[in-house]
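One gets our numbering by counting positions in the sequence shown from 1 and adding 34 to each.
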Amino acid sequence: MNDPEMAEIVRDFVPKMQERIANMKRDAQAGRWKDLDEHAHWLMGSAGTTGFQMISALAGKLQIAAYEKNQGGCKQLCSAIEQMAESVELV
Numbered sequence: 035m036n037d038p039e040m041a042e043i044v045r046d047f048v049p050k051m052q053e054r055i056a057n058m059k060r061d062a063q064a065g066r067w068k069d070l071d072e073h074a075h076w077l078m079g080s081a082g083t084t085g086f087q088m089i090s091a092l093a094g095k096l097q098i099a100a101y102e103k104n105q106g107g108c109k110q111l112c113s114a115i116e117q118m119a120e121s122v123e124l125v
């Protein structure tokens, strides 16, 4: 990443993203659909803004699954998002 400002934004974003993912997993397990929807909405927008388009797309799907109260789908999407987030390397 050649833009120092954007690099700093991404470095600040990643820990927040990891915290939200942990919250989303708990919300999916507990069936807290409104909370899950709010976390997924935040992640969809924030991940997209910081260049993580694939995470943003999965978060959008998670938001729909939360609206539909699809617990199995929510759990699968949370796992997929978590795996993708774990592959993020900060330099």
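Yeah, the Cβ is synthetic: ideal placement off N, Cα and C, and Gly gets one too.
Around LYS103, the same chain offers GLY65 and TRP67 as residues with beta carbons nearer than 8 angstroms, after the five sequence neighbours per side are excluded. For ASP46, the enclosing alpha helix (DSSP H) starts and ends at 38-64.
ASP46 is classed as exposed because its beta carbon has fewer than 16 other beta carbons within 10 Å across all chains shown. GLU102: not part of any alpha helix (DSSP H); DSSP gives it neither H nor E.
Taking each of CYS108, GLY106 and THR84 in turn and checking the Cα distance to GLU39, the smallest one comes out for THR84.
For GLY82, the enclosing alpha helix (DSSP H) starts and ends at 67-83. Counting only the Cα atoms, ALA100 lies some 6 angstroms from CYS108.
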